[in-house]
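Input: a single structure, listed below in structure tokens.
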Amino acid sequence: MDAVQFGRWLSDRRRKYGWRSQRVLVETINQDVLLKECGISEDFLARLEAGQLAHPFRGSVRKRVFSLARLLCKTPRDLQAYLQAAELTDLSAEEADEVKHLRERLAAKHPSTVSLLPPRPLRLLGREEAVRNLREALCCMETGLCALSGMPGVGKSALAYETVHTLTRQQRERCFPEGIATFTCTGRRGQRGLAALLHEIMTFFASAPRSLAKTKRGNGESNAPFAVPTSTALASHIEEFSEADLAELIDGVRIALAGKRVLLLLDDLDAQFPLRQALEALLMREYTSATAYGSNGAGSISRVVFTTSRYIPPPALMTYHLHVGVLEPDAALELFTTLLKRELSESEYADAQRICAAVGHLPLAIEAAASSARVAGVPLSLLAERATQYPLDRLLDGEGEIRARLSQAFGVFDQAIQKQFVLLSALGAPSFGLESVAMLHTTSKESTDCEPLAAHEVISPQYTSRAFRASGQNGNRPFVADVPLTLLANTAADLGQFVRHSLVELVSQTTPAVTPTTNAPSSASSSHYPRYRLHPLLYTYAMDRLEQLEPEVVRSAQQNAYAYALAYVEHYGADVDRYECEQEFLQAALMGALRQGHYALVIRLLARLLPLLGRLGTYEKGERLLHWGIYASQQIHDQQYHALFLSHLGTLLGHRGDFKQARRVLGESLAIAETLEPSKQVWTALSELSHIACILGEREAAHSYIDTYLHHSESNNNLIGVAGALYMRGYYWRLDGNVEKANADLTASLGLISAPIDEDFCEDTFVMALRVEQARIRGEYALSQQYTQGMEALSQRSEDPYITADFLFDQACFIVNYGALAEARTLLLRVLDMAKRIGATYLYTRATNMLRQLPDVSGATTTIYGW
3 MDAVQFGRWL SDRRRKYGWR SQRVLVETIN QDVLLKECGI SEDFLARLEA GQLAHPFRGS
63 VRKRVFSLAR LLCKTPRDLQ AYLQAAELTD LSAEEADEVK HLRERLAAKH PSTVSLLPPR
123 PLRLLGREEA VRNLREALCC METGLCALSG MPGVGKSALA YETVHTLTRQ QRERCFPEGI
183 ATFTCTGRRG QRGLAALLHE IMTFFASAPR SLAKTKRGNG ESNAPFAVPT STALASHIEE
243 FSEADLAELI DGVRIALAGK RVLLLLDDLD AQFPLRQALE ALLMREYTSA TAYGSNGAGS
303 ISRVVFTTSR YIPPPALMTY HLHVGVLEPD AALELFTTLL KRELSESEYA DAQRICAAVG
363 HLPLAIEAAA SSARVAGVPL SLLAERATQY PLDRLLDGEG EIRARLSQAF GVFDQAIQKQ
423 FVLLSALGAP SFGLESVAML HTTSKESTDC EPLAAHEVIS PQYTSRAFRA SGQNGNRPFV
483 ADVPLTLLAN TAADLGQFVR HSLVELVSQT TPAVTPTTNA PSSASSSHYP RYRLHPLLYT
543 YAMDRLEQLE PEVVRSAQQN AYAYALAYVE HYGADVDRYE CEQEFLQAAL MGALRQGHYA
603 LVIRLLARLL PLLGRLGTYE KGERLLHWGI YASQQIHDQQ YHALFLSHLG TLLGHRGDFK
663 QARRVLGESL AIAETLEPSK QVWTALSELS HIACILGERE AAHSYIDTYL HHSESNNNLI
723 GVAGALYMRG YYWRLDGNVE KANADLTASL GLISAPIDED FCEDTFVMAL RVEQARIRGE
783 YALSQQYTQG MEALSQRSED PYITADFLFD QACFIVNYGA LAEARTLLLR VLDMAKRIGA
843 TYLYTRATNM LRQLPDVSGA TTTIYGW
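What follows is the structure, given as structure tokens:
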């Protein structure tokens, strides 16, 4: 044949095998893992069939024509005719080997492919990558177990169904030529469940009725086929099933599957199903001396088992494992709006986001909430409110399906293990560490009987941009909450069961290390332990079940939680990393103690957390905790802490720009301070009032406040306060142009901290800030920039972000005078980012105004978008 004749011949063959157009054939080629890399395009096929390519074919054209034989040849005779028509003679060694394998594959006689597929999901949003990864894993897996796991309602079955449906015809023929079959395994447990499943698989794949297993009749045995017509009869028969019968059934399954490459989808496996035994029967590999599946005259026939289950199988059994998590927020919102089948208004959009977040972005819960809104007509605002307060409310789960799924998941545990799970909610937070759970089961003294710290025991952070606070790094002190290792091991074992059943999520394997000491106990303070998290719905479910336990048990667990919280904060103080690990638990302990009237405990906990209140993400969180502390101090008439908490509240209000409210609260703190005995802590409101006055341009008031603060600090021998006051006053003198006084105050401040004055004082950060200010006084631009970078690096993990942002703003104002516009712009952009993140609105506005007035190198002005 010449090129034109071959093109016509090829076109006729393409249509004969069902590809009506060149485009359809190319789509099929691109779905084939082996062919899509050959570069066969629609244009190439068009030119080939038109006879426009040089004949005989050479190079890349020959390679692509040769590859087309994989699709256009169905028998060895077809292959021979194709090679002759294309004049593919004088085969290379590689081509000869490929022809050999292709001829063997076409010569193999397989039974027709069968498919017993589950219904395809109507929609599956946010799972595209998971489907793609699963499909590739199944196609690349020679043999083994591909397991999907996840909590109830997360969509494991839907993901598995979509995966098997997206397998292309070519993938099925190549990987699973004998078909794909799905078997529902709900409720199948133990040997009885195993026998029932194996019988169904054997019956489905057998070419004739099975006669390998025996049925029992009375005291005798019969060789009647093990073919049970109904599930009831099968259940009755398996009640009398012996180990020998099961062994014969396993052999029967192996014979029924012999020579078959299939994909078996076992959906909703129970944790008590004997998966290991099932795999021994289903994954038996056979080797043959002459087969189309391998080379050198020998090959293997293998199978793949695909399972979905809440239970995570042992790693030794799995070839591929995917633990299915909840949807990403955007995908969850898309699912909700898709189910709602209408556009959302702006307010409804926010409500929908709240609903999705409240139910933990769980697909089943989102479907239930959307059904309540669309079918029952419940307004989204009501749904959002109820979901936030109680995500298992009947408004969101009218059919009770979610609660039923959760209850079913607990059915595998005995009462003792269920009790252990329910007590997790006594911690008051869905995220927790191993040590805090272990402490629930210890015998501790009544933590609620504690007395609050004396005011002079608390390290009071100076929440201003001028006086830097204490770091509170207490890692070298032994942790007083000593948890026995035996108890930790038992707790880890219990939590491990919940993780294996997808009821608790393992968040991480380690927590920040603590510097070991010779007298530190060998428990939570010197080792790395995992952290865990409960899904919001599982946490709510546990809270409901907590009310059903004996009151004394619940009370004891809560007392232990309070004791651990108190020991934790008193040991770690203001360690940011440690606080972030347990912030949900510590805030829950504060709230729980407040609700139960343990006001002294609230004060004691909050007193140790004061240095962290400006670093909780937004100031609203810190302000909420301070309001709790103010209320608790009022209830037990503790004026020292009342004044201290008011002072810190005024500071946070000032940082976010609410100066009027800040001044009122700080004034209340000072009014109380005047009625108390001298103390280091109660006069800190003066430093913040001074800072606010300076910001507002009230320079005389700023001097007056800081002079008064300096006087009280000197009277109370508060060297940290004195050093901070001198630093702030030196800063004011520089702004006034009085370089001599500024330098004197800064030198005096630096002299006070030449030797350590407090083990918890953040000396390095404070010294660096002093060095920056001294460089500014001397007009040393480059040195001030160098020290500013050092101060920023030191303060990232130890300071309120407002302090750092305000300090950078001051540096930007300073270097503008030296024409360093690019550097100033960089600093201001960082200020904007930090101020927006923490909600410091006034500082954001100041930085924005300055940046707008700052010309860039081209003479244009910088455009800043709104908040």
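Under my numbering, the first residue of the sequence shown is numbered 3, with each subsequent residue one higher.
For every residue, glycine included, the Cβ atom is placed at its ideal position computed from N, Cα and C.
The structure presented is a predicted model; accordingly, all values stated were derived computationally and were not measured.
Whose C-beta lies closer than 7 Å to the C-beta of ILE755 among residues of the same chain, with five residues either side of it excluded? Position 753 of the sequence shown, counted from the first residue, corresponds to residue 755. For ILE755, where only same-chain residues beyond five positions count, the Cβ hits under 7 Å are ALA725, GLU765, PHE768 and VAL769.
Return helix, strand or coil for LEU127, following the three-state DSSP convention. In the sequence shown, residue 127 corresponds to position 125, counting from 1. It is coil, neither helix nor strand.
Are GLY192 and VAL306 closer than 8 Å when you measure CB to CB? Within the sequence shown, residue 192 is the residue found at index 190, counting from 1. Within the sequence shown, residue 306 is the residue found at index 304, counting from 1. Not in contact: GLY192 and VAL306 (Cβ atoms no closer than 8 Å).
Name, in chain order, the residues that DSSP records as bridge partners for PHE423. Position 421 of the sequence shown, counted from the first residue, corresponds to residue 423. Answer is none; PHE423 lacks a bridge partner.
Is LEU853 closer than 8 Å to ARG827 when the C-beta atoms are compared? What you label residue 827 is simply residue 825 of the sequence shown in a count that begins at 1. What you label residue 853 is simply residue 851 of the sequence shown in a count that begins at 1. Against a cut-off of 8 Å, the Cβ pair of LEU853 and ARG827 comes out as a contact.
What did DSSP end up calling GLU507 once you bin it into helix, strand or coil? By one-based count along the sequence shown, residue 507 stands at place 505. Strand, per DSSP.
By how many angstroms is the C-alpha of HIS537 removed from the C-alpha of LEU127? On the sequence shown, position 125 is the one that residue 127 refers to. On the sequence shown, position 535 is the one that residue 537 refers to. Rounded to the nearest whole angstrom, the CA to CA distance from LEU127 to HIS537 is 20 Å.
Let me check one thing: in DSSP terms, what residues is ARG60 bridge-paired to? Translated into positions along the sequence shown, residue 60 becomes position 58. In DSSP, ARG60 forms no bridge with anything.
Assess, as a yes-or-no matter, whether the region 166-184 is touched by the region 254-271 under the definition of 3 or more beta carbon pairs within less than 8 Å. Touching, yes, given that three or more Cβ pairs across the two stretches are closer than 8 Å.
Exposure label - ASP808; buried when at least 16 CB within 10 Å: For the purposes of this step, residue 808 is identified with residue 806 of the sequence shown, where counting begins at 1. Per the 10 Å Cβ criterion, buried.
Check whether LEU845 and PHE811 have beta carbons under 8 Å apart: Looking up residue 845 in the sequence shown gives position 843. Looking up residue 811 in the sequence shown gives position 809. Closer than 8 Å, so yes.
ASP99: first and last residue of the uninterrupted alpha helix (DSSP H) it sits in: Walking along the sequence shown from the start, residue 99 turns up at place 97. Element bounds for ASP99: 95-109.
Between which two residues does the alpha helix (DSSP H) holding CYS75 run? Position 73 of the sequence shown, counted from the first residue, corresponds to residue 75. Here CYS75 belongs to no alpha helix (DSSP H), and DSSP marks it neither H nor E.
Length-filtered (3 minimum) beta strand (DSSP E) runs lying within the region 669-717: none
Proximity below 8 Å, CB of LEU200 to CB of ARG190: Within the sequence shown, the letter at position 198 stands for residue 200. Within the sequence shown, the letter at position 188 stands for residue 190. No. Outside cutoff.
My output table needs one value for TYR392: the three-state DSSP class, helix, strand or coil. By one-based count along the sequence shown, residue 392 stands at place 390. Coil at TYR392, not helix or strand.
Counterpart residues of HIS325 in DSSP-defined beta bridges: Numbered from 1 along the sequence shown, position 323 holds the residue referred to as residue 325. Per DSSP, SER151.
By Cβ distance below 6 Å, which residues in the same chain neighbour ASP747 in space, the five residues on each side in sequence not counted? Locating residue 747 in the sequence shown gives position 745, where the first residue counts as 1. If we look at ASP747 and ignore the five residues flanking it on each side, its Cβ neighbours are LEU728, ARG731 and GLY732.
Measure the C-alpha to C-alpha separation of THR466 and ILE817 and round it to an integer number of angstroms. If you number the sequence shown from 1, residue 466 lands on position 464. If you number the sequence shown from 1, residue 817 lands on position 815. Because THR466 carries a pLDDT of 36, less than 50, the predicted location of this residue cannot be relied on, and the following value inherits that uncertainty. Looking at the two C-alpha atoms, the distance is approximately 22 Å.
What's the gap between the Cα of ALA406 and the Cα of ASP272? Residue 406 sits at position 404 when you count from the first residue of the sequence shown. Residue 272 sits at position 270 when you count from the first residue of the sequence shown. Between ALA406 and ASP272, the C-alpha separation is close to 16 Å.
List the whole-angstrom C-beta distance separating LEU169 from LYS158, where the pair is believed to meet the contact cut-off of C-beta under 8 Å. Residue numbering aside, residue 169 sits at position 167 when the sequence shown is read from its first letter. Residue numbering aside, residue 158 sits at position 156 when the sequence shown is read from its first letter. In fact, because the Cβ distance is near 18 Å, the residues do not count as touching under 8 Å.
Applying the 10 Å Cβ sphere with the 16-neighbour rule, what's the burial state of THR165? Here residue 165 is taken as the residue at index 163 of the sequence shown, counted from 1. When all chains shown are included, THR165 counts as buried.
Going by other Cβ atoms of all chains shown within 10 Å of its Cβ, with 16 needed for buried, is ALA849 buried or exposed? As a working mapping, residue 849 is identified with position 847 in the sequence shown. Buried, by the Cβ-count rule.
Pick from TYR566, LEU608 and ILE840 that is closest to GLY435, judged by C-alpha positions: Working through the sequence shown from its first residue, we reach residue 435 at position 433. It is TYR566.
Do you know whose CA, among ASP546, PHE423, GLN560 and ALA428, lies nearest ALA494's CA? Taking the sequence shown and counting its residues from 1, the one referred to as residue 494 is at position 492. Ranking ASP546, PHE423, GLN560 and ALA428 by Cα distance to ALA494 puts PHE423 first.
List the endpoints of the continuous alpha helix (DSSP H) containing ASP747. By 1-based counting over the sequence shown, the position of residue 747 is 745. Counting along the chain, the alpha helix (DSSP H) containing ASP747 begins and ends at 741-754.
From LEU324, ARG658 and GLU582, residue whose alpha carbon lies closest to that of GLU622: If you number the sequence shown from 1, residue 622 lands on position 620. Considering only alpha carbons, the answer is ARG658.
Shorter than 7 Å, the distance from the beta carbon of THR309 to the closest heavy atom of the ligand GTP, or not? No copy of the ligand GTP occurs in the structure displayed, which carries no ligand at all.
Contact under 8 Å by Cβ, ALA139 with ASP269: The sequence position of residue 139 within the sequence shown is 137, counting from 1. The sequence position of residue 269 within the sequence shown is 267, counting from 1. Result no, Cβ atoms of ALA139 and ASP269 do not sit closer than 8 Å.
Between TYR804 and ALA837, what straight-line distance do the alpha-carbon atoms span, to the nearest angstrom? Here residue 804 corresponds to residue number 802 of the sequence shown, with the count starting at 1. Here residue 837 corresponds to residue number 835 of the sequence shown, with the count starting at 1. Cα to Cα, the separation comes out at about 7 Å.
Burial state of GLY379, where buried means 16 or more other Cβ atoms lie within 10 Å: In the sequence shown, the residue the question calls residue 379 occupies position 377. So GLY379 counts as exposed.
Would you grab the beta carbon distance between ASP738 and ARG778 for me? Rounded to a whole angstrom, and I think it's under 8 Å. Here residue 738 is taken as the residue at index 736 of the sequence shown, counted from 1. Here residue 778 is taken as the residue at index 776 of the sequence shown, counted from 1. In fact, because the Cβ distance is near 13 Å, the residues do not count as touching under 8 Å.
Could you tell me which residues DSSP puts in a beta bridge with VAL307? As a position in the sequence shown, residue 307 is number 305, starting the count at 1. Paired residue(s): LEU147 and LEU266.
Quick check: GLN637 and TYR601, are their CB atoms within less than 8 Å of each other? On the sequence shown, position 635 is the one that residue 637 refers to. On the sequence shown, position 599 is the one that residue 601 refers to. Cβ distance < 8 Å, so GLN637 and TYR601 count as in contact.
Comparing alpha-carbon positions, which option in THR186, GLU348 and THR340 lies nearest ALA371? Stepping through the sequence shown from its first residue, residue 371 is reached at position 369. Comparing Cα positions, the closest option is THR340.
Cross-strand partners of SER433 (DSSP beta bridge): Mapped onto the sequence shown, residue 433 falls at position 431. Partner(s): ARG535.
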